[in-house]
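Below you'll find the structure, written out as structure tokens, and then a few comments.
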Amino acid sequence: CPRLFKTKMVQDDGAVARLLPADCLAIEEIGAAGAIFDVMAWLALVITALFMAFKAQQVEEWMRKYYYLNAYICGVASFSYFAMFSGMGWETIMGCRQFFYIRFIEWGVTTPLIILSLGLLASEDPVVIAAVMGSDVAMVVAGYLGSVALVPTVKWLWFVISLIVFAPVVYALVRVFRQTVIHKDDVDRIDLYGKVSLLVVITWSLYPFVWILSVGTGTMGISAESICYSVLDVVTKCVFSFMMVNVSGYESQELEPQREFV
Numbered sequence: 008c009p010r011l012f013k014t015k016m017v018q019d020d021g022a023v024a025r026l027l028p029a030d031c032l033a034i035e036e037i038g039a040a041g042a043i044f045d046v047m048a049w050l051a052l053v054i055t056a057l058f059m060a061f062k063a064q065q066v067e068e069w070m071r072k073y074y075y076l077n078a079y080i081c082g083v084a085s086f087s088y089f090a091m092f093s094g095m096g097w098e099t100i101m102g103c104r105q106f107f108y109i110r111f112i113e114w115g116v117t118t119p120l121i122i123l124s125l126g127l128l129a130s131e132d133p134v135v136i137a138a139v140m141g142s143d144v145a146m147v148v149a150g151y152l153g154s155v156a157l158v159p160t161v162k163w164l165w166f167v168i169s170l171i172v173f174a175p176v177v178y179a180l181v182r183v184f185r186q187t188v189i190h191k192d193d194v195d196r197i198d199l200y201g202k203v204s205l206l207v208v209i210t211w212s213l214y215p216f217v218w219i220l221s222v223g224t225g226t227m228g229i230s231a232e233s234i235c236y237s238v239l240d241v242v243t244k245c246v247f248s249f250m251m252v253n254v255s256g257y258e259s260q261e262l263e264p265q266r267e268f269v
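Be aware that the sequence shown starts at 8, since it is given in our numbering, and climbs by one per residue.
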């Protein structure tokens, strides 16, 4: 049975002493439970990506961009999970802990695409969408740098920076984009955006807590960390994708010009 929560290694003045990667004689690695969840997440992402890619050929042209974005989001994420359960995309970090840096590479690609998809749904200004995407990428980069930092103070400083640049992303999703949707005066689209953006904001807000318990403090083992991230990734990508292609959320706006001539 894999160990989900690791015990303290060495006690020094009330704090857990951390070993540098070069000093590690053995490392804490992912267990069977974590690997199983990685495979399950990979299957869900692959199936969703293939479904979206094939379905894009059968829908109206104005809907294809959402299907293609969903396919890319889930497809890139599936590459990350395939790499992880194949034993690739990881390094040893402080505390002799296995760290899958491939997650951050994937997040640096997929999370901006999620913002782009929400921005298109909201009919937001492309410049604003690009600015929010940039802040999101900065958040991912800061999170990675905090994960591989060798000095605890620097680690937590990077974590705080990642939260600071995450704040504009949340504000844009719950306020700026939403106000743009409301101004369109389309009830169906407002309702769809409200549901999808709420899903994204809630799930993305849980990632920092997983980071704190895993890489941040070492309280959570590698398998537990992987299970948490797998569940969150499936929700923020697979569930998100199927919610985004809810046609009723687009129909009224797309058909409006036609109705004016009837």
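We put the CB at the ideal spot given by N, CA and C, even for glycine. As the structure is a prediction and not an experimental result, all values here were calculated from the model.
Point to revise | Secondary structure of L26, DSSP reduced to three states | key: coil
Review point. K191 and A84: beta carbons closer than 9 Å?
Key: The answer is no: Cβ separation not under 9 Å.
Check your understanding: When the distance is taken between beta carbons, is S169 closer than 9 Å to V147?
Key -> yes
Practice item. Could you tell me the distance, in whole angstroms, from the CA atom of K162 to the CA atom of I37? Key: 22 Å
Exercise for review: Could you confirm whether any beta carbon from chain C is found closer than 9 Å to the beta carbon of R185?
Suggested key: Going by chain labels, chain C is absent from the structure shown, which holds only one protein chain.
Review point. Whole-angstrom Cβ separation of Y272 and A48, contact assumed at under 8 Å?
Key: Look at the range of the chain in this structure, 8 to 269, and you will see that residue 272 is not part of it.
Review point. Got a sec, what are the start and stop residues for the beta strand (DSSP E) F107 sits in?
Key: Where F107 is concerned, there is no enclosing beta strand (DSSP E), given that its DSSP letter is neither H nor E.
Check your understanding: To which residues of the same chain is V207 closer than 8 Å at the C-beta, ignoring the five residues directly before and after it?
Key -> I121, L125, L180, T243 and F247
Review point. By Cβ distance below 7 Å, which residues in the same chain neighbour L27 in space, the five residues on each side in sequence not counted?
Key: M101 and L157
Point to revise | Limits of the unbroken alpha helix (DSSP H) element including T160 | key: Secondary structure note for T160: its alpha helix (DSSP H) is the uninterrupted segment P159 to Y178.
Practice item. Could you name the residues that DSSP lists as bridge partners for E98? Key: F106
Review point. So, G153 versus W218, is the Cβ gap smaller than 9 Å?
Key: The answer is yes: Cβ separation under 9 Å.
Check your understanding: What is the residue span of the alpha helix (DSSP H) that Q143 lies within?
Key -> The sequence shown places Asp at residue 143, not Gln. Secondary structure note for D143: its alpha helix (DSSP H) is the uninterrupted segment P133 to V155.
Exercise for review: Flag this pair as yes or no: are the beta carbons of V238 and F106 separated by less than 9 Å?
Suggested key: no
Exercise for review: Could you tell me which residues DSSP puts in a beta bridge with E35?
Suggested key: R104
Review point. Would a C-beta distance cut-off of 9 Å place V172 and A129 closer than the cut-off?
Key: no
Check your understanding: How long is the line joining the alpha carbons of I54 and Y178, rounded to whole angstroms?
Key -> Cα-Cα distance, rounded: 32 Å.
Practice item. Classify V252 as helix, strand or coil using the three-state DSSP reduction. Key: coil
Practice item. Find out if the Cβ-Cβ distance for the pair I109, W97 is shorter than 9 Å. Key: Yes, Cβ-Cβ distance for I109 and W97 is below 9 Å.
Check your understanding: If you compare alpha carbons, which of P175, K202 and F166 is closest to V222?
Key -> F166
Point to revise | Own chain residues within Cβ distance below 6 Å of C235, not counting five before or after | key: V217
Exercise for review: Report the three-state DSSP secondary structure of Q186 (helix, strand or coil).
Suggested key: helix
Point to revise | CA-to-CA distance, V241 to Y151, given in whole angstroms | key: 21 Å
Review point. Does the separation of the CB atoms of Y74 and M59 fall below 9 Å?
Key: Yes, the Cβ-Cβ distance between Y74 and M59 is below 9 Å.
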